[in-house]
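Novice: Quick note: the sequence shown, position 307, residue 388 per the working numbering, numbers continuous.
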Amino acid sequence: MNDQIRSIVIVGGGTAGWMAATALARVLGRQTATITLVESEEIGTIGVGEATIPPIQAFNTLLGINEDEFVRATKGTFKLGIEFLDWWRVGHRYFHPFGVYGHDFGPIPFEGLWHRLNQAGQAEPLDHYSICAMGAAAGRFMRPQPGGNTPLARIGYAYHFDAGLYAAFLRRHAQAAGVTPREGRVVEVLLDTERGFIEAVSLADGTRIEADLFIDCSGFRGLLVAEALGTRFEDWGQWLPNDRAVTVPSANVGPPTPFTRSTARAAGWQWRIPLQHRTGNGYVYSSRHVSDDEAAATLLSGLDGEALAEPRQLCFSTGRREAFWVKNCVALGLASGFMEPLESTSIHLVQAGIARLLEMLPTRRFERADIRRYNRLMTAEFESIRDFLILHFHATERDDTPYWRELGAMSVPDALQERMRIYAGTGRIFREADDLFTKTSWLAVMEGQGLRARSYDPLALAMPLAEAQARMARIATVTKAAVGHMPAHGDFVARIVNETVAAP
Ligand SMILES: Cc1cc2nc3c(=O)[nH]c(=O)nc-3n(C[C@H](O)[C@H](O)[C@H](O)COP(=O)(O)OP(=O)(O)OC[C@H]3O[C@@H](n4cnc5c(N)ncnc54)[C@H](O)[C@@H]3O)c2cc1C
Numbered sequence: 082m083n084d085q086i087r088s089i090v091i092v093g094g095g096t097a098g099w100m101a102a103t104a105l106a107r108v109l110g111r112q113t114a115t116i117t118l119v120e121s122e123e124i125g126t127i128g129v130g131e132a133t134i135p136p137i138q139a140f141n142t143l144l145g146i147n148e149d150e151f152v153r154a155t156k157g158t159f160k161l162g163i164e165f166l167d168w169w170r171v172g173h174r175y176f177h178p179f180g181v182y183g184h185d186f187g188p189i190p191f192e193g194l195w196h197r198l199n200q201a202g203q204a205e206p207l208d209h210y211s212i213c214a215m216g217a218a219a220g221r222f223m224r225p226q227p228g229g230n231t232p233l234a235r236i237g238y239a240y241h242f243d244a245g246l247y248a249a250f251l252r253r254h255a256q257a258a259g260v261t262p263r264e265g266r267v268v269e270v271l272l273d274t275e276r277g278f279i280e281a282v283s284l285a286d287g288t289r290i291e292a293d294l295f296i297d298c299s300g301f302r303g304l305l306v307a308e309a310l311g312t313r314f315e316d317w318g319q320w321l322p323n324d325r326a327v328t329v330p331s332a333n334v335g336p337p338t339p340f341t342r343s344t345a346r347a348a349g350w351q352w353r354i355p356l357q358h359r360t361g362n363g364y365v366y367s368s369r370h371v372s373d374d375e376a377a378a379t380l381l382s383g384l385d386g387e388a389l390a391e392p393r394q395l396c397f398s399t400g401r402r403e404a405f406w407v408k409n410c411v412a413l414g415l416a417s418g419f420m421e422p423l424e425s426t427s428i429h430l431v432q433a434g435i436a437r438l439l440e441m442l443p444t445r446r447f448e449r450a451d452i453r454r455y456n457r458l459m460t461a462e463f464e465s466i467r468d469f470l471i472l473h474f475h476a477t478e479r480d481d482t483p484y485w486r487e488l489g490a491m492s493v494p495d496a497l498q499e500r501m502r503i504y505a506g507t508g509r510i511f512r513e514a515d516d517l518f519t520k521t522s523w524l525a526v527m528e529g530q531g532l533r534a535r536s537y538d539p540l541a542l543a544m545p546l547a548e549a550q551a552r553m554a555r556i557a558t559v560t561k562a563a564v565g566h567m568p569a570h571g572d573f574v575a576r577i578v579n580e581t582v583a584a585p
């Protein structure tokens with residue numbers, strides 16, 4: 082095969098760039114193609130992005146990363162889900178757990194039986210059927226225990242980590258796998274006149290770097306995909322109007338919680354991400370509804386511990402590039418599009434892009450069919466995440482500020498409208514082929530945001546009521562008992578951290 086890709090240039094050394102570099106180097110090996118990553122210290126990275134979702138475990142496995150080493154190097158903690166405060170109504174709390182609620186009963190879905198019992202006033206709260214929700218509420222964590230029909234086998238988890246340390250950690254792995262880092266500012270992108278492909282990038286010091294394949298990880302600007310190749314941005318601000326964030330780290334108060342917290346505010350929402358050495362906080366808001374100063378004051382007044390730095394302001398647009406792969410350039414990370422971190426999906430989208438690129442690794446012919454397929458699949462993934470996010474803002478009873486009144490009244494994309502209608506009818510939820518979020522996720526957020534089913538799935542009638550009650554009660558009892566076997570999350574993390582100290 083003489084038309085294989087021989088050289089890859091990645092522009093950008095943020096989380097996206099180093100994730101791509103590490104994964105490509107690891108999978109392709111040193112023999113296939115040279116990989117160069119260009120980054121600019123002067124421009125810097127966005128420096129946020131510290132909460133993740135469970136598929137990141139697969140990424141670490143692909144990279145051959147030892148989880149304990151990873152947690153130590155990134156000052157990480159574990160995450161069992163997200164706690165949502167004040168989203169449906171002020172004072173209300175719900176939990177979006179990883180893992181699953183209970184289990185299905187053959188053809189009868191869990192949620193069918195739950196709705197049936199709930200409508201008869203005989204169901205327990207959803208959290209009682211989830212080991213992740215119950216573990217989180219108790220401040221406990223353990224990795225899933227293999228084997229056995231126990232809720233402990235079904236613990237789903239992800240991580241919180243320090244973004245700067247994560248990039249540094251990946252950089253070490255990438256360099257060890259043969260990636261060449263190159264410091265310098267790209268000042269020009271050179272296109273070939275015939276096909277409009279990217280031929281090379283020029284750095285400020287005059288160096289020209291050529292490659293067969295370019296990966297644009299240059300952040301919001303999209304230096305290659307947008308500025309050089311002219312790919313337009315599809316703006317989703319009509320559904321997700323938040324366009325700013327103000328962030329600040331704060332001192333830890335007490336042991337780290339095994340979950341991210343999201344608290345709805347007057348014109349957006351505030352995150353709290355517990356790490357070993359600090360807590361990350363940020364208020365994501367709509368600049369049409371609140372001033373930067375007011376947002377910073379709200380953020381600072383809602384911290385658990387003392388602020389450790391001055392608040393930092395960030396601006397963003399929500400949406401996606403009309404194409405993610407254009408000619409010989411694939412955009413990943415912020416260069417490809419952005420949705421607010423309400424469900425911690427951006428780093429996952431980088432991972433998904435890398436996985437698909439590897440699946441459809443091009444030759445120098447760059448087959449159009451591959452490119453079309455890549456763009457179609459990534460578009461579907463972006464859109465299903467978009468709809469899941471919109472659900473949080475739209476399905477709420479909050480009408481206490483113009484922000485919430487606008488979001489409650491907006492018209493939502495058809496696919497989401499359909500999901501909400503189906504749920505309102507029979508409480509049914511479903512997962513489309515490429516949906517990232519599971520039935521558990523949709524059920525948690527539909528119920529948590531106050532949607533209620535009028536009826537329930539007729540399949541639930543296939544089980545006699547008394548048996549349904551007994552089986553569901555058993556799930557809740559076993560789940561509660563299982564939580565007792567989980568250690569405190571702080572102790573679990575401390576044990577991992579202290580292992581290095583003890584090691585020779
Ligand atoms: C407020 C906020 C909170 C977030 N929270 C989360 C979260 O909790 N979970 C999550 O999954 N995601 C989150 N994200 C998204 C996440 O931060 C990003 O997806 C991730 O950090 C990847 O960023 P990036 O590498 O694409 O861009 P960046 O970090 O901006 O990196 C861009 C790189 O390109 C380089 N560069 C740019 N121009 C040039 C040039 N001319 N020459 C050379 N190099 C250049 C820069 O120096 C840098 O190295 C959040 C984003 C925001 C805005």
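From the three backbone atoms N, C-alpha and C, an ideal C-beta is built for every residue, glycine too.
Use the C-beta contact count for Q351: other C-beta atoms within 10 angstroms, 16 or more gives buried, fewer gives exposed.
Specialist: Q351 comes out buried.
Novice: Return yes when the Cβ of I163 is within less than 8 Å of the Cβ of F278, no when it is not.
Specialist: Cβ distance not < 8 Å, so F278 and I163 don't count as in contact.
Novice: Excluding sequence positions up to five away, which residues of its chain have a Cβ less than 6 Å from the Cβ of E269?
Specialist: Excluding positions up to five away in sequence, the list reads S283.
Novice: Does DSSP put W99 in a helix, a strand or coil?
Specialist: Looking at W99 - three-state DSSP - the assignment turns out to be helix.
Novice: Leaving aside the five residues before and after F447 along the sequence, list all residues of the same chain whose C-beta is less than 6 Å from its C-beta, in chain order.
Specialist: Counting only Cβ-Cβ distances below 6 Å, and skipping sequence neighbours, we find N409.
Novice: Taking DSSP as the reference, what is the three-state secondary structure of W485?
Specialist: DSSP places W485 in helix when its eight states are reduced to three.
Novice: Let me know the alpha helix (DSSP H) ranges lying completely inside the segment 469-518, each 4 residues or longer, listed in chain order.
Specialist: Here the runs fully enclosed are 483-490 and 495-507.
Novice: Does the Cβ-Cβ distance between Y182 and L524 come in under 8 Å?
Specialist: Yes, they are a contact pair.
Novice: Tell me the residue span of the beta strand (DSSP E) that contains R359.
Specialist: Run containing R359: none; DSSP gives neither H nor E here.
Novice: Within 10 angstroms of the Cβ of P539, are there 16 or more other Cβ atoms? Answer buried if so, exposed if not.
Specialist: So P539 ends up on the exposed side.
Novice: Rounded to the nearest angstrom, what separates I124 and R302 at their Cα positions?
Specialist: Those two C-alpha atoms are separated by around 12 Å.
Novice: Spell out a yes or no on whether the segment 215-224 and the segment 105-119 are touching, meaning 3 or more CB-CB pairs, one atom from each, closer than 8 Å.
Specialist: Flag = no, the segment 215-224 and the segment 105-119 do not touch.
Novice: Just to confirm, does F397 get its C-beta within under 7 Å of one of the non-hydrogen atoms of ligand 1?
Specialist: Checking the Cβ of F397 against ligand 1 gives yes.
Novice: Alpha carbon to alpha carbon, how far is F511 from K520?
Specialist: Spanning the two alpha carbons is a distance of roughly 6 Å.
Novice: Within its chain, find whatever has a CB closer than 7 Å to the CB of R535; leave out the 5 residues flanking it on each side and keep chain order.
Specialist: A505 and G506, listed in sequence order.
Novice: Quick one: Cα of Q432 to Cα of I212, how far?
Specialist: Their backbone Cα atoms lie some 27 Å apart in a straight line.
Novice: Among A557, A114, S368 and A476, whose alpha-carbon lies nearest the alpha-carbon of E291?
Specialist: Answer by Cα proximity: A114.
Novice: Can we count P392 as close to ligand 1, meaning its CB is less than 7 Å from some heavy atom?
Specialist: No.
Novice: At 4 residues or longer, what runs of the alpha helix (DSSP H) sit wholly inside the segment 153-203?
Specialist: The qualifying runs are 191-200.
Novice: Rounded to whole angstroms, what's the CA-CA distance from F469 to G383? Just pull it up for me.
Specialist: Going by the C-alpha atoms only, they are around 26 Å apart.
Novice: Which residues does DSSP pair with S343 in a beta bridge?
Specialist: Paired residue(s): F165 and W352.
Novice: Classify S596 as helix, strand or coil using the three-state DSSP reduction.
Specialist: Any question about residue 596 goes unanswered here, given that the chain covers just 82 to 585.
Novice: Taking the beta carbon of Q530 as the centre, do at least 16 other beta carbons fall within 10 Å, making it buried, or is it exposed?
Specialist: Its Cβ being crowded by 16 or more others within 10 Å, Q530 is buried.
Novice: Do the segment 345-363 and the segment 141-159 meet, that is, are 3 or more Cβ pairs less than 8 Å apart?
Specialist: A contact exists between the segment 345-363 and the segment 141-159.
Novice: Which of the three DSSP states is assigned to Y537 in this structure?
Specialist: Correct three-state label for Y537: coil.
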